[in-house]
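Notes follow once the structure below has been shown.
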Amino acid sequence: MDDYTREMMDLKTLVTRTLEKKGVLAKIRAELRASVFEAIEEEDRVIEKEEGLPPALLGSCNDRAKQLHASPLGRLLTALICEYLDWAQLNHTLKVYLPECNLQKDSLKAELEVFSGKSGYDLNRNGNSGPVLLDVLEGFLKFDVS
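Going by full-length UniProt numbering, the sequence shown opens with residue 1, and the numbers climb by one from there.
Structure representation (structure tokens):
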């Protein structure tokens with residue numbers, strides 16, 4: 001290996017380590033995955049609309065997950081997961097999760113509103129509180145320990 005090649009390898013290693021330490025590389029990878037997923041999803045919609053073929057990617061959950069998503073508790077679970085991803089600003093993960101489960105973000109908000117109505121939970125609580133899922137877990141653990 002000549003000096004130039006060795007220097008380039010060292011520079012590549014240095015840049016990679018620096019980007020990993022700053023969390024930039026993970027963000028770039030997540031954004032790339034989400035963009036690829038969105039492109040495939042978009043193409044699936046075009047094919048479904050133009051040719052009437054079932055989408056290859058949309059609704060790709062296994063049967064067990066589809067059954068869970070069809071139940072009221074399964075829809076609530078999915079809504080809580082999505083609300084957490086949104087709260088944590090894991091937007092790229094959410095962009096992959098929703099179409100992979102063949103779910104619409106707006107329908108999940110309705111699930112949380114139903115939960116709020118049944119449980120008396122205030123979805124519009126003030127402050128820098130955590131995600132709803134955290135409150136649900138804390139409530140369960142308090143009830144379970146008592």
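No residue lacks a Cβ here, since even glycine has one placed at the ideal position from N, Cα and C.
Please read these numbers as outputs of a predicted model, since none were measured by experiment.
Check Leu57 in the structure and name its three-state DSSP category. Since pLDDT at Leu57 reaches only 49, below the 50 mark, its modelled position is unreliable, and no value is offered.
Buried versus exposed call for Ala79 [16 or more other C-beta atoms within 10 Å across all chains shown]: buried
Determine the direct distance from the alpha carbon of Val46 to that of Ala30, and round the result to whole angstroms. 24 Å
Buried or exposed: which applies to Glu111, given that a residue is buried once 16 or more other Cβ atoms fall within 10 Å of its Cβ? buried
Is the Cβ-Cβ distance between Gly130 and Trp87 less than 9 Å? yes
Return the first residue and the last residue of the alpha helix (DSSP H) that Ala110 is part of. 105 to 119
Cβ neighbours of Asp135 in the same chain (closer than 8 Å, five flanking residues each side left out): Tyr121, Ser129
Would you mind reading off the limits of the alpha helix (DSSP H) that contains Ala70? 63 to 70
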